[in-house]
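>
Residue numbers (full-length UniProt numbering): 1 to 729.
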């Protein structure tokens, strides 16, 4: 009699269970070792169940809500205060429109290729800067730590500038603006203009005395400036609240902080073009001086600006790209963000010189009026003859062109005694040739121009709110360059780390809000980042092209992007970019050696700036900043080289995200990638017989593609392929 169907099914199930038990009992020992290398953090009963092949399970690493949010984050990080107050100055100083030629050439040679490289490694490995370079080569893991140190140094003083902008923003809600006129001093007998202000200008006096209350030297601290201390605290609170949830909180703020500056710049450009003299400023800006292009200094400064404009070496670019999907087209992102950065610099330059042209026109008109009055006095006392004055000249409403005509005639006729007449040439170009940058442009020259705007408080509020947003966008990337690598490497809570980081930075930053704090800002700006970042990016290039292998990296890009990048990048990464960076490093060292280390101190009695050399302790601080920034590189190299840290402790182990658990991959110091899979030393593990590549194809096919047996490949496999069954290994 045939058996019941349910009985048949039960017997078949028993046979399957017995077969599975047999298979499990005969598992290879290396599979056991691999299982032991997994750190299970999910205590549920299903914790041993792996993800089935073909499932669409994503890593639990935070991700951008949209591509637009990510692009705005990268744009906000790269487009900063330097685009507004550094790029226009360099254009003015280095040949006007001709400066754009070397800048564009160097953007194509070092800017876009190195920006693309950082985006690619961050997106592929999905770690912060420490994890990325530790993964490619543990001996070069110090690159990531060096990036974090530089980010911290820069964040210390960069947020002080945001604090200054907040102070000016808060003072802009009054009419007239507080820096519009020199203050009056009253005593028992009479009232007079503040001497320090009278010797300089209203905006200069307000910056140095009212805002900074600056001391006369670096050694004279003068105590805390409480107004700026409160502004610095407010700046750090803003950064902390925006960053406390990582990209989940800062990403939403990017929509405003990254887009608002463009609204303000366009409004300023339109308003500026309607002002008298604005076209003179723009014409002066873009009149090319081709002979200056041949000077090496121009190319060095253009390369430095390209380098820092894109935020290379800080780790922020890597951190932001690590939250991307692995099939994101990071090549498109690199080109897009680079050219957005460039066109933003050009837009800011148009705005700056339109406004400075207006300011120069006002100053030129005052010059014409004052010197015309001198000529009238000279005519009355008989020092000048009326015959030399053209008949059409009317001194009551004289134009700049007519005045210069009279000036040239008097200079020719009275050649020998001309200097004693005390007349000045009133040329608008002379005023535009006075190069200003940095705080001098933002807090003195631009603020002075805005006092002449109709509805000047409105424009002042807009301008300083724009500076705050530009600064915050860069600060988000800088802090992300610190927080993300530490969280990825040491698995600390992001919220706690963010609060601690901001608190420590605020208390250290109090040195920048002393009365001598502006001099410390100059010191950190000159010495804490330039050379260390150049060394960091050179080592990044070497790590990818020489240690990991440029051919393997190009294969990885093909696997990730779905197409082969241009061979142009191959030659740039392997030959051209390292050579240009080395030349830039040597040129920067030479320039630093030739330039006497010092700062411009504000002297109250004369109301002028005076160059002071750093004292001995100041030189020690300058050197220490550079040494401490790059010190992690040799330290980590020696620790790894000499096996001074036990890898079993997992203190520097790589960590991957996976649904319901974390996979810890012990770092292999000897370079044999098989230990990244089995958790054994090279001598204990048989050589695996893989193909050239074990990456999954982008099409989602279960067939395995071919790729290198490199640290970038094998070690990364566990995080890259959550749906791959263990039997495939």
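Even for Gly, the Cβ is constructed at its ideal location relative to N, Cα and C.
Classify residue 640 as buried or exposed, calling it buried when 16 or more other Cβ atoms lie within 10 Å of its own Cβ.
By 1-based counting over the chain shown, the position of residue 640 is 640. Burial call: buried.
> Taking just the CA atoms, how far does residue 235 sit from residue 93?
Translated into positions along the chain shown, residue 93 becomes position 93. Translated into positions along the chain shown, residue 235 becomes position 235. Rounded to the nearest angstrom, the two C-alpha atoms are 32 angstroms apart.
> Where does residue 45 land, buried or exposed, given buried means 16+ other C-beta within 10 angstroms?
By 1-based counting over the chain shown, the position of residue 45 is 45. Unreliable positioning characterises residue 45 in this predicted model, as indicated by a pLDDT of 35, which lies under 50. The coordinate reading is nonetheless provided below. Per the 10 Å Cβ criterion, exposed.
> Could you pull out every residue in the same chain whose Cβ sits closer than 7 angstroms to the Cβ of residue 431, ignoring the five residues on either side in sequence?
Taking the chain shown and counting its residues from 1, the one referred to as residue 431 is at position 431. Excluding residues within five positions, the ones whose Cβ falls inside 7 angstroms are 360, 363, 364.
> Can you name the start and end residues of the alpha helix (DSSP H) that residue 68 belongs to?
In the chain shown, the residue the question calls residue 68 occupies position 68. Counting along the chain, the alpha helix (DSSP H) containing residue 68 begins and ends at 67-78.
> I'd like to know whether the C-beta atoms of residue 110 and residue 302 end up nearer to each other than 8 angstroms.
Counting from 1 along the chain shown, the entry for residue 110 is found at position 110. Counting from 1 along the chain shown, the entry for residue 302 is found at position 302. For residue 110 and residue 302, no; Cβs fall outside 8 angstroms.
> Give the C-beta separation of residue 319 and residue 112 to the nearest angstrom, bearing in mind that I take them to be a contact with Cβ-Cβ under 8 angstroms.
As a working note, residue 319 is residue 319 in the chain shown. As a working note, residue 112 is residue 112 in the chain shown. Not really, about 19 angstroms apart at Cβ, beyond 8 angstroms.
> I'd like to know whether the C-beta atoms of residue 73 and residue 479 end up nearer to each other than 8 angstroms.
As a working note, residue 73 is residue 73 in the chain shown. As a working note, residue 479 is residue 479 in the chain shown. No. Outside cutoff.
> Who does residue 730 pair with in a DSSP beta bridge?
In the structure as shown, the chain starts at 1 and stops at 729, and residue 730 therefore has no counterpart that could be examined.
> Could you check what DSSP says for residue 598 in three-state terms: helix, strand or coil?
Locating residue 598 in the chain shown gives position 598, where the first residue counts as 1. Residue state, collapsed to three classes: strand.
> Go ahead and label residue 586 buried or exposed: buried means 16 or more other beta carbons lie within 10 angstroms of its beta carbon, across all protein chains shown.
For the purposes of this step, residue 586 is taken as residue 586 along the chain shown, with counting starting at 1. Exposed: under 16 other Cβ atoms inside 10 Å.
> Would you call the region 225-235 and the region 305-319 in contact, with 3 or more CB pairs under 8 angstroms?
no
> Just checking my contact of residue 149 with residue 629 at CB under 8 angstroms: how many whole Å lie between their CB atoms?
The residue labelled residue 149 in the question sits at position 149 within the chain shown. The residue labelled residue 629 in the question sits at position 629 within the chain shown. Going by Cβ atoms, the distance from residue 149 to residue 629 rounds to 5 angstroms, so yes, they are a contact pair.
> Would you tell me roughly how many angstroms separate the C-alpha atoms of residue 410 and residue 383, rounded to the nearest one?
Start at 1 with the first residue of the chain shown, and residue 410 comes out as number 410. Start at 1 with the first residue of the chain shown, and residue 383 comes out as number 383. Each residue's Cα considered, the two are about 11 angstroms apart.
> Please state if the CB of residue 476 and the CB of residue 250 are separated by a distance shorter than 8 angstroms.
Within the chain shown, the letter at position 250 stands for residue 250. Within the chain shown, the letter at position 476 stands for residue 476. Contact: yes.
> If we count Cβ pairs, one from each stretch, closer than 8 angstroms, do we get three or more for the region 615-624 versus the region 206-216?
no
> Within a Cβ cutoff of 7 angstroms, which residues of the same chain sit near residue 182, ignoring the five residues on either side of it in sequence?
Counted from its first residue, the chain shown places residue 182 at position 182. Close CB contacts of residue 182 within its chain, under the 7 angstroms cut and outside five residues either way in sequence, are with 193, 194, 197, 198, 202, 205 (chain order).
> Residue 491 lies in the beta strand (DSSP E); which residues open and close that run?
Start at 1 with the first residue of the chain shown, and residue 491 comes out as number 491. Counting along the chain, residue 491 falls outside any beta strand (DSSP E), and DSSP gives it neither H nor E.
> With a threshold of 16 other CB atoms inside 10 Å of the CB of residue 625, please say whether the residue is buried or exposed.
Numbered from its first residue, the chain shown carries residue 625 at position 625. It is buried - the Cβ of residue 625 has at least 16 other Cβ atoms within 10 Å.
> Under the rule that 16 or more other beta-carbon atoms within 10 Å means buried, what is residue 136, buried or exposed?
By one-based count along the chain shown, residue 136 stands at place 136. Buried is the label assigned to residue 136, since at least 16 other Cβ atoms lie within 10 Å of its Cβ.
> Express the C-alpha separation of residue 71 and residue 248 in angstroms, rounding to a whole number.
In the chain shown, residue 248 corresponds to position 248, counting from 1. In the chain shown, residue 71 corresponds to position 71, counting from 1. Whole-angstrom Cα-Cα distance: 15 angstroms.
> What separation, rounded to the nearest whole angstrom, lies between the Cα atoms of residue 117 and residue 401?
Taking the first residue of the chain shown as 1, we reach residue 117 at position 117. Taking the first residue of the chain shown as 1, we reach residue 401 at position 401. If I take the Cα positions, the gap works out to 54 angstroms.
> What is the DSSP secondary structure of residue 414, counted as helix, strand or coil?
Start at 1 with the first residue of the chain shown, and residue 414 comes out as number 414. It is coil, neither helix nor strand.
> How is residue 322 classed by DSSP in three states: helix, strand or coil?
Here residue 322 refers to the residue found at position 322 of the chain shown. Here residue 322 sits in coil by DSSP.
> Applying the criterion that 16 or more other CB atoms from any shown protein chain within 10 Å of the CB defines a buried residue, is residue 240 buried or exposed?
Counted from its first residue, the chain shown places residue 240 at position 240. Classification of residue 240: buried, given that the 10 Å Cβ count is 16 or more.
> Could you tell me if residue 562 is buried or exposed, where buried requires 16 or more neighbouring beta carbons within 10 angstroms of its beta carbon?
The residue given as residue 562 occupies position 562 in the chain shown. Flag for residue 562 reads exposed.
> Distance, Cα to Cα, residue 406 vs residue 355?
Within the chain shown, the letter at position 406 stands for residue 406. Within the chain shown, the letter at position 355 stands for residue 355. If I take the Cα positions, the gap works out to 28 angstroms.
> Distance, Cα to Cα, residue 242 vs residue 324?
As a first step, residue 242 must be located in the chain shown, where it is residue number 242. As a first step, residue 324 must be located in the chain shown, where it is residue number 324. Rounded to whole angstroms, residue 242 to residue 324 spans 20 angstroms at the Cα level.
> I'd like to check one pair, residue 581 with residue 623: are the Cβ atoms closer than 8 angstroms?
Numbered from 1 along the chain shown, position 623 holds the residue referred to as residue 623. Numbered from 1 along the chain shown, position 581 holds the residue referred to as residue 581. Not closer than 8 angstroms, so no.
> Could you round the C-beta distance between residue 749 and residue 633 to whole angstroms and report it? I think they count as a contact, below 8 angstroms.
Coverage of the chain is limited to positions 1 through 729, which leaves residue 749 absent and any answer about it impossible.
> For residue 610, which residues from the same chain have a beta carbon less than 6 angstroms from its beta carbon, with the 5 sequence-adjacent residues on both sides left out?
For the purposes of this step, residue 610 is identified with residue 610 of the chain shown, where counting begins at 1. The residues are 601, 603.
> State whether the region 447-458 contacts the region 161-179, with contact taken as three or more CB pairs (one from each stretch) at a distance under 8 angstroms.
yes
> Note down, in chain order, each residue of its chain lying with its Cβ closer than 7 angstroms to the Cβ of residue 348, except the 5 sequence neighbours on either side.
For the purposes of this step, residue 348 is taken as the residue at position 348 of the chain shown. Taken in chain order, the residues that qualify are 83, 84, 87, 88, 265.
> Can you name the residues that DSSP bridges to residue 250?
Translated into the one-based positions of the chain shown, residue 250 becomes position 250. Paired residue(s): none; residue 250 is not in a bridge.
> Name, in chain order, the residues that DSSP records as bridge partners for residue 772.
Outside the displayed range of the chain (1 to 729) lies residue 772, so it cannot be described from this structure.
> Tell me residue 192's beta-bridge partners as DSSP assigns them.
Numbered from its first residue, the chain shown carries residue 192 at position 192. Paired residues: 185.
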